[in-house]
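Chemist: I'd like to ask some things about the structure below.
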Ligand SMILES: [Fe+2]
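Pasting the structure below:
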């Protein structure tokens, strides 16, 4: 009788565990037991409504904006005209003044194998007022299109600001769900920090660049209205000598401009911006980063410039994660980690966001900088000066989810789950930021993982969490 009772208890406990989706405990943190439909992700067909060409002769399409200077008083507006050159002018006016101003940009185009791009316009609008809504208009004649954006508040230590995090987006049905969930998230991201791998056009025969155009039209509903801060991933390289394409990053650099010169970078693949209370450093996993390289020398000079009294938060974006416990792209970020991790600890980076692995993972604050070839100290250790590493490569591209994880879960891994989604990093003031991860299967407001970040410079106390974090 007592045995039967125990069996019943075990059965009920197991059932409750399944129903409540209790995560299983491993050596490390938590591996979520959330069960999702693990179907092969497929791209939306070319005639999908999200890819529709806007009506009107030579109508501007693929409109997107990004920050255009170091502090957020400038915006780069980019768009494509397909039928003819058209105009590279942007007309813009603030909600306050209504006086229309004009900025003149330039256009470019490129050929890739048997593809010829449209006319790709880039125009930087400068001397904007902070914290102001601006309307802008591109196109000429009957085919003008109007959009708007809101400039960030002036850079300062206690300025609240909300960033969205999206990576490895692609253009599948899941990608569309991710973007919708980001747009509908009640936490209202004001700028997207995009961690690389945009269109996945290179998965098509001859890197069919038509899929760069469709991606631009698909994302326009967000990218035309708020800045997306770009990081280059491996799907931006488009290096294909077998079809005569020997210039890496050709489509990406023609289509997506970034303000790299403002931070004294010499290439668009690594640069920094300040926005509100955050200093954001974008690094290039696929450009040389060894000692003496331009990226190394730039980062070496950049980190001492970060003024935590002006921008308390220090965020790094890169594509290939340094801490990744999935069996995909395992240790691909290792050589960059070896080069730069001591600096990240020294300069107390708050958080590093990466993509590449098509899943979600959040680390503890750990470092692995003690190893010197002969001392055997090659295990990550808890370190309150170290960043939290977050893999957010779960945007939903056609390659599908990374479901296979290394077992047991390493001690450095706080939470991991193979679901598509996005995240929000919500800076409150110089000491606190609320972070949340949102999986696509949930209602828009559900936080599938969350954590209160304590700033490493102003409030460097232990902010590690035990699941479920509230
Ligand atoms: Fe990638």
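Numbering (mature numbering (1 follows the signal peptide of the UniProt record, and there is no 0)), first residue to last: -28 to -1, 1 to 442. Glycine residues also receive a C-beta, built at the ideal position from the N, C-alpha and C atoms.
With distances taken between CB atoms, is the gap from residue 115 to residue 28 smaller than 7 Å?
Modeler: yes
Chemist: Taking residue 14 as the reference, give the member of 204, 371, 408 and 437 with the closest Cα.
Modeler: Nearest C-alpha to residue 14: 371.
Chemist: Count the other CB atoms within 10 Å of the CB of residue 95; is the residue buried (16 or more) or exposed (fewer)?
Modeler: buried
Chemist: Out of curiosity, what's the CA-to-CA distance linking residue 98 and residue 144?
Modeler: 35 Å
Chemist: Check each residue's C-beta against every heavy atom of ligand 1 and list, in chain order, those closer than 5 Å.
Modeler: Here the list is 169, 205, 206 and 328.
Chemist: Can you pull the DSSP bridge partners for residue 66?
Modeler: 106
Chemist: Take residue 239 as the anchor and find which of 315, 252 and 225 has the nearest alpha-carbon.
Modeler: 225
Chemist: Do you know how far the Cα of residue 373 is from the Cα of residue 177?
Modeler: 22 Å
Chemist: Thinking just about the alpha-carbon of each residue, which of 393, 398 and 401 is nearest to the one in residue 414?
Modeler: 393
Chemist: Hey, residue 3 and residue 356: beta-carbon distance below 7 Å or not?
Modeler: no
Chemist: So what's residue 184 in DSSP terms, helix, strand or just coil?
Modeler: helix
Chemist: State the DSSP-derived secondary structure class of residue 336, mapped to helix, strand or coil.
Modeler: Taken through DSSP and simplified to helix, strand or coil, residue 336 comes out as coil.
Chemist: Between 82, 386 and 51, which has its C-alpha nearest residue 221's C-alpha?
Modeler: The alpha carbon of residue 221 has as its nearest neighbour, out of 82, 386 and 51, the alpha carbon of 82.
Chemist: Please report the straight-line C-alpha distance between residue 387 and residue 368, rounded to a whole angstrom.
Modeler: 19 Å
Chemist: Should residue 141 be flagged as near chain B, meaning a C-beta pair shorter than 7 Å?
Modeler: No chain B appears in the structure shown, which is made up of a single protein chain.
Chemist: Quick one: what does DSSP say residue 202 is sitting in, helix, strand or coil?
Modeler: coil
Chemist: Answer yes if the segment 23 to 39 comes into contact with the segment 393 to 413, meaning at least three C-beta pairs across the two stretches below 8 Å, and no otherwise.
Modeler: no
Chemist: Counting C-beta neighbours from all protein chains within 10 Å, is the total for residue 158 16 or more, i.e. buried, or is it exposed?
Modeler: By the 10 Å Cβ count, residue 158 comes out exposed.
Chemist: So, under 8 Å CB-CB, residue 37 and residue 231 are touching, yes? Tell me the CB distance rounded to an integer number of Å.
Modeler: So it is not a contact: roughly 12 Å between Cβ atoms.
Chemist: I'd like to check one pair, residue 290 with residue 331: are the Cβ atoms closer than 7 Å?
Modeler: no
Chemist: Please work out which residues of its chain come closer than 6 Å, Cβ to Cβ, to residue 352, disregarding the five sequence neighbours upstream and downstream, and give them in chain order.
Modeler: 338, 340 and 384
Chemist: Just list the residues that DSSP pairs residue 83 with in beta bridges.
Modeler: Beta-bridge analysis with DSSP links residue 83 to 88.
Chemist: Could you tell me the alpha carbon to alpha carbon distance between residue 430 and residue 138, rounded to whole angstroms?
Modeler: Rounded to the nearest angstrom, the two C-alpha atoms are 27 Å apart.
Chemist: In three-state terms, what does DSSP make of residue 425?
Modeler: strand
Chemist: For residue 124, which residues of its own chain have a beta-carbon under 6 Å away from its beta-carbon, when the five flanking residues on both sides are left out?
Modeler: 44, 247 and 248
Chemist: Roughly how many whole angstroms lie between the Cα atoms of residue 407 and residue 78?
Modeler: 38 Å
Chemist: Give me the Cα-Cα distance between residue 437 and residue 418, rounded to the nearest whole angstrom.
Modeler: 18 Å
Chemist: Please report the distance separating the alpha-carbon of residue 64 from that of residue 49.
Modeler: 11 Å
Chemist: Pick from 359, 363 and 420: whose alpha carbon is nearest that of residue 428?
Modeler: 359
Chemist: Need the endpoints of the beta strand (DSSP E) that residue 254 sits in, please.
Modeler: 250 to 254
Chemist: Could you tell me whether the segment 102 to 117 touches the segment 49 to 61, where touching means 3 or more Cβ pairs closer than 8 Å?
Modeler: At 8 Å Cβ cutoff, the stretches touch.
Chemist: Quick one, which of 113, 268 and 405 has its alpha-carbon nearest residue 307's?
Modeler: Of the candidates 113, 268 and 405, the one whose C-alpha sits nearest the C-alpha of residue 307 is 268.
Chemist: If we call anything under 7 Å between Cβ atoms a contact, is residue 365 one with residue 323?
Modeler: In this structure, residue 323 does not lie closer than 7 Å to residue 365 by Cβ.
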